[in-house]
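Since the structure comes first, as structure tokens, the remarks are kept for the end.
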Amino acid sequence: MKTNIGRRIAGALTTMALTAAAQTATITVQADKPGAQISPQLYGQFIEHLGRCINGGIFEPGSPLSDTNGFRRDVLEKVCELNPRLLRWPGGTFTKIYHWQDGVGAQSERRCRPNLIRGGEVDNPFGTDEFIRYCRAIGAEPYISVNMGTGSAEEAANWVEYCNGTGTTYFAELRRKHGSPEPFRVKYWGLGNEEEADPDCGRLQDPAEYAKVAWQFAKLMKLQDPAIKLIVAGVGNNTNWNTTVLKSLHPVADFISAHWYFRTTQYTNLLGSVAAFDRQLDAYAKFLAGFPAEPKGFSHWYRFPPRTGPVKLAIDEWGLWNGGAGGREVLWNLEQTYTWQDALAVASWLNAMHRHADIIGFATWAQLANVIAPIQTDRNGSVRQTIFHPLALYAKHCGTQAVAAHCESPWLDGTALPALDVAATANDRQRTLTVAVVNRHATQAVPARIEITGGAYTLTGGHELTAPSMLATNSVTRLAEDCVRTRQLPASFREFPPRSITLLTYESKP
Ligand code: AHR
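When we follow the working numbering, the leftmost residue of the sequence shown carries the number 573, and every step to the right adds one.
Written out as structure tokens, the structure reads:
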């Protein structure tokens, strides 16, 4: 490890002169500088009819491991540990061919269709009612993306009626007939998915065209239920697309989506991608600030209200799609084994989201089981992949409010990347602080001086994750093993071990 010092302040990296004590990092947390609320839905998840994510992943009717709903009990238990407060479905790209009526009603009457996106067939045993049941079982809000490829605005509006209708209209009654007298109250609705993409079954690659069609979808869906929140399809880093779309749709766009997949297994490049993501979020903050916090002059003739509150970013797919440990990418073969270094990148990625909590409405990891996923299954059981651990740890222990944190850290050898990546959060009106620190160095511990300003706080302990090597993995072929070591920390904690993820807890002194 070089003795240069890298300093990250609100995402920006600057260098400092070499010093004799440079191996010790200095972390400053400004308890008197609370930032934005962190959406609890930042730890959301995504399931798609793709490979074995749903069928054979979370859902396997007839398996001795499944409950009477067909939900895999072993998987459900792990999903609850991830505690996703939002679950997105049915896609993804699959959305573009999904007709929701194929997947409701008696199983024997569900329609089987060719899968025009990925080949094979779709026989629809897991449809809207099963999705809602799954959301309820794990305590997540449902988020549904509608079909703007082969579907119509009317079909999407009928879906809103089926889910949320309270009257005696046809689709509300159909839901009742299918056994759900109470409305599902689905609040989040996505207008399509990656609509700029050409090689799939989409048809709206021009942003102006997308905006025009999406407006019609928005109107019909909002007329069914004015309380729903809409996510319009954005494109990460495509300013022209995002600007055109939001200029037109911002009065009804509660969120604009962006997808981020990191596609490298080369460690430095992976961490470089996380740093680039941090900078991209800075750019998004400026971009979103260009739209009014409350739309003005919205005609009452629409018979539904405009958006309230600023447009937020919906990172409704994020993940590592890099082939995994020794893997190679095959079209739509999205099952991979994650290494411990992938998990370190995921923790840094979560830190970056905490630093930008003010603009992020929610995030849903892509995807929950088997498909580029934290949970891997086979017929005999399931495992928590390495990346599962930071996702679960952050969801469980991080606070609900961002707090300013600075770190002066040694750099990783030969890079402009700090070894330590730090973000802080608070709970309970700053009574508790959680300082998240990722030591990304493979072999060296980093001692740290930690100063909390703006209040009297005591370190009371924490949680630490480590693994025996950067390339350590868990696998469904070794069901009983877990390479990740979890440790409760004492209040005397002083240094961050190599390749570790640590959440330190501070309590304010009464
Ligand atoms: O998550 C896998 C796929 O990646 C999704 O279907 C699509 O939206 C994205 O390109």
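Idealized CB from N, CA, C, for every residue including glycine.
Contact test: residue i Cβ vs the ligand AHR heavy atom, cutoff 7 Å
i: Phe666; result: yes
i: Asn942; result: no
i: His831; result: yes
i: Glu681; result: no
i: Gly663; result: yes
i: Ala938; result: yes
i: Glu980; result: no
i: Asn641; result: no
i: Leu763; result: no
i: Leu622; result: yes
i: Glu767; result: no
i: Leu688; result: no
i: Leu860; result: no
i: Glu907; result: no
i: Glu693; result: no
i: Glu866; result: no
i: Glu889; result: yes
Burial state of residue i (16 or more Cβ within 10 Å)
i: Arg900; result: Low local confidence applies: a pLDDT of 48 at Arg900 is under 50, so the model's placement there is unreliable, with the coordinate-based value given in what follows. Classification of Arg900: exposed, given that the 10 Å Cβ count is below 16.
i: Asn730; result: buried
i: Gly862; result: exposed
i: Ala582; result: Model confidence at Ala582 stands at a pLDDT of 37, short of 50, so the residue's coordinates are unreliable; what they give is reported in the following sentence. Label assigned to Ala582: exposed.
i: Asp701; result: buried
i: Thr738; result: exposed
i: Ala976; result: buried
i: Gln561; result: No answer is possible for residue 561: it lies beyond the span of the chain, which begins at 573 and ends at 1082.
i: Gln777; result: exposed
i: Gln838; result: exposed
i: Gln679; result: exposed
i: His872; result: exposed
i: Thr591; result: For Thr591, the predicted structure reports a pLDDT of 36, less than 50, and the residue's modelled location is therefore unreliable. The matter cannot be settled from this model.
i: Ala593; result: At Ala593, the pLDDT of 39 sits below 50, so the modelled position is not reliable and the matter cannot be decided from this model.
i: Pro753; result: exposed
i: Ile1073; result: buried
i: Arg1071; result: buried
i: Arg549; result: Absent from the model: residue 549. The displayed extent of the chain is 573 to 1082, so no value can be given.
i: Gly721; result: buried
i: Lys668; result: buried
i: Ala728; result: buried
i: Arg1084; result: With the chain covering 573 to 1082 only, the question about residue 1084 has no answer from this structure.
i: Asp770; result: exposed
i: Cys684; result: exposed
i: Arg1021; result: exposed
i: Glu632; result: buried
i: Arg1050; result: exposed
i: Lys518; result: A query on residue 518 cannot be resolved here, the shown segment of the chain reaching from 573 to 1082 and no further.
i: Pro1087; result: With the chain represented from 573 up to 1082, any question about residue 1087 goes unanswered, as that position is not in the structure.
i: Asn719; result: buried
i: Lys794; result: buried
Within 8 Å, strictly: CB atoms of residue i and residue j
i: Trp890; j: Ala938; result: yes
i: Ala597; j: Leu1005; result: no
i: Asn765; j: Gly663; result: yes
i: Val883; j: Ile828; result: yes
i: Ala996; j: Val1007; result: yes
i: Ala783; j: Ser724; result: no
i: Arg1045; j: Thr949; result: Sequence check: residue 1045 is Thr here, not Arg. Not closer than 8 Å, so no.
i: Ala1084; j: Leu763; result: Because the chain in this structure spans residues 573 to 1082, residue 1084 falls outside the shown range and cannot be described.
i: Asn999; j: Gly971; result: yes
i: Phe859; j: Asn814; result: yes
i: Asp826; j: Leu792; result: no
i: Pro867; j: His831; result: no
i: Gly808; j: Ser611; result: no
i: Arg1012; j: Leu843; result: yes
i: Thr1146; j: Thr987; result: There is no way to answer for residue 1146, as the model of the chain reaches only from 573 to 1082.
i: His961; j: Leu1075; result: no
i: Leu658; j: Thr936; result: yes
Residue i CB to nearest heavy atom of the ligand SAH below 7 Å
i: Asn810; result: As for the ligand SAH, it is missing from this structure, which binds only the ligand AHR.
Below-8 Å beta-carbon distance, residue i vs any chain B residue
i: Leu746; result: Absence of chain B from the displayed structure is noted, only one protein chain being present.
> Counting Cβ pairs, one atom from each stretch, are 3 or more of them under 8 Å apart for the stretch 846-863 and the stretch 922-940?
Replying inline: yes
> Is it true that the stretch 727-742 meets the stretch 687-696, where meeting means three or more beta-carbon pairs spaced less than 8 Å apart?
Replying inline: no
> Taking three-plus beta-carbon pairs below 8 Å as touching, is the stretch 1033-1047 in contact with the stretch 614-632?
Replying inline: no
>> Between the stretch 1022-1036 and the stretch 1063-1078, can you find at least three pairs of beta-carbon atoms closer than 8 Å?
In response: yes
>> Is it the case that the stretch 979-987 contacts the stretch 1051-1059, given that we only count it when at least three CB pairs across the two stretches are under 8 Å?
In response: no
>> For the stretch 864-878 against the stretch 906-919, do three or more pairs of beta-carbon atoms, one drawn from each stretch, fall closer than 8 Å, so that the two count as touching?
In response: no
> Using 8 Å as the Cβ pair cut-off and three pairs as the minimum, do the stretch 652-660 and the stretch 703-721 touch?
Replying inline: yes
> Counting pairs of beta carbons, one from the stretch 600-607 and one from the stretch 634-645, are three or more of them closer than 8 Å?
Replying inline: no
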